[in-house]
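Below is one structure, written out as structure tokens; comments come after it.
Number of protein chains: 2
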Amino acid sequence: MKAASRTFRALADPTRRQILQDLKGGELPAGEIAARFSISGPSISRHLSILKGADLVSERRVGNRILYRLQPDRIASALGDFLSTVCPTQFLHRRKAKKERGL
Amino acid sequence: MKAASRTFRALADPTRRQILQDLKGGELPAGEIAARFSISGPSISRHLSILKGADLVSERRVGNRILYRLQPDRIASALGDFLSTVCPTQFLHRRKAKKERGL
DNA sequence: TTGTAGTTTAGCTATATTGCTAAATAGCGT
DNA sequence: ACGCTATTTAGCAATATAGCTAAACTACAA
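Chain order of the listed sequences is D and C. According to the numbering used here, the first sequence holds residues 1 to 103 in order. According to the numbering used here, the second sequence holds residues 1001 to 1103 in order.
The structure is reproduced here in structure tokens:
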């Protein structure tokens, strides 16, 4: 599947967007994430794998647990790339644009 | 449904993203859009209604036809709003941020 | 009013998505 | 090796999505 589709499909689900919000505070183990929802652990696990597949989060194992971490740069660049192609006039990614012009 | 879900679900489909690209060149009638795809007219019509429901395009009738127009500000602000909440550090919407600080 | 072009709505099928529970896997302490 | 905790994988049911064709609707022109 195309990267943009993976990204937007991943972001299309409210539970997954909430997971991203929760990860703003720093990395969390899968179980702690699951505990914040009324959804079963396995279902959250699947949401996490979709977020990971879209490169919006990363995971690392620490002993028993698997810690998930937000990847804000990835999220920002994925959305920024799309914006830059579909509405370059309104393009928000000013830093990158300047960098590309050598500033 | 929540606005963010409508936005991201609308953007999750590759055909709909391509329609947005096609509308970069200016407004187009539904038939002209449909002609650019190997998908049936009714299917494109549905895609257009989803894009409209997400406020990513607007429509206006002109005689026989219905012209669709890209709404780049809406797209940019929808994605910008999400970015600003999920990864404020990487936030790209510098113009708005500056405006809010009175610059 | 009848016809025709442009577009949407209705109804159908196939596939994808999301939730669940049960079972499998991974690491760690005993 | 055994048991315990943390997490994922497998398999199933319900709903949503995207495609199609046929039918309906809208505006215009004869």
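From the three backbone atoms N, C-alpha and C, an ideal C-beta is built for every residue, glycine too.
So Leu-56 of chain D and Gln-71 of chain D are in contact, right, with Cβ under 8 Å, and what is the actual spacing, rounded?
6 Å
Please identify the residue among D:Ile-39, D:Tyr-68 and D:Pro-29 whose C-alpha is closest to the C-alpha of Gly-53 of chain D.
D:Tyr-68
Note down, in chain order, every chain C residue with its Cβ under 8 Å from the Cβ of Ile-75 of chain D.
Leu-1083, Val-1086, Cys-1087 and Gln-1090
Using the beta-carbon count (16 or more within 10 Å), is Ala-10 of chain D buried or exposed?
buried
Check each candidate in C:Ala-1030, C:Gly-1080 and C:Ser-1038 and name the one with the smallest Cα separation from Ser-1058 of chain C.
C:Ala-1030
Using a Cβ-Cβ distance under 8 Å, would Ala-1003 of chain C count as near chain D?
no
For Arg-69 of chain D, does the three-state DSSP call read helix, strand or coil?
strand
Near Arg-1006 of chain C, what residues of its chain come up, given a Cβ to Cβ distance below 7 Å and the 5 sequence neighbours on each side ignored?
Gly-1053 and Ala-1054
Supposed contact pair Arg-1016 of chain C and Ile-1039 of chain C - C-beta distance, whole angstroms, cut 8 Å
Wrong, their Cβ atoms sit about 11 Å apart, outside the cutoff.
Ranges of the alpha helix (DSSP H) found wholly within the region 27 to 51 of chain D, counting only runs of at least 4:
30 to 35
Reduced DSSP category for Thr-7 of chain D - H, G, I as helix; E, B as strand; rest coil
helix
Output yes or no for whether 8 Å exceeds the beta carbon distance between Ala-1012 of chain C and Phe-37 of chain D.
no
Count the other CB atoms, across all protein chains shown, that sit within 10 Å of the CB of Ala-1035 of chain C; report buried if there are 16 or more and exposed otherwise.
exposed
Taking beta-carbon pairs under 9 Å, can you tell me which members of the region 32 to 43 of chain D lie near chain C?
none
How should Gln-1021 of chain C be labelled, buried or exposed, when 16 other C-beta atoms within 10 angstroms of its C-beta is the threshold for buried?
exposed
Among all the DSSP beta bridges, which residues are the ones paired with Val-62 of chain D?
D:Arg-65
Distance check for Ile-33 of chain D and Asp-1073 of chain C, CA to CA, integer angstroms please.
34 Å
How about Leu-20 of chain D: is its C-beta nearer than 8 Å to some C-beta of chain C?
yes
I want to verify the contact list: residues of chain C whose CB lies under 7 Å from the CB of Leu-11 of chain D, in sequence order.
Phe-1008
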